[in-house]
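For the sequence shown, our numbering assigns the number 1391 to the initial residue and increments by one for each residue that follows.
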Amino acid sequence: MAGVPTGVIAARFHRGLARAVVDGCDVVRAATGVSTVALSGGVFQNMLLLDLVVNGLEQHGYTVLVHRRVPPNDAGISLGQVAVAAARAPAAAPI
């Protein structure tokens, strides 16, 4: 309504959301001492958001883990389900 271009609005949204993620991690680290953050889920297929969050976290001294070979969205869930099932399965008897 104020005539702000949509690209400017989108950039502000992404920067604000990234800042909120970093601020949230700072709160958790202050309470727990945890300084490693894993970024996962479909939202992190958004490369702009991912880059902003990774850069912000690294500037705050975090170790950041991101997907490299498995997609961060639902496509990677089945791999995790297989890993859990394999960990819970009894060892197979030798033949």
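No residue lacks a Cβ here, since even glycine has one placed at the ideal position from N, Cα and C. Given the structure is predicted, the values throughout are model-derived calculations rather than measurements.
C-beta contact flag for residue i and residue j at 7 Å
i	j	result
Leu1447	Val1456	no
Phe1434	Leu1442	no
Burial state of residue i (16 or more Cβ within 10 Å)
i	result
Leu1438	exposed
Val1460	exposed
Ala1479	exposed
Val1411	buried
Val1444	buried
Separation of residue j from residue i, as counted between CA atoms
i	j	result
Ala1477	Ser1430	21 Å
Gly1397	Ala1408	16 Å
Residue(s) in a DSSP beta bridge with residue i
i	result
Ala1428	Leu1455
Which runs of the alpha helix (DSSP H) spanning at least 4 residues fall entirely within the region 1396 to 1423, listed in chain order? Qualifying alpha helix (DSSP H) stretches, in chain order: 1396 to 1422.
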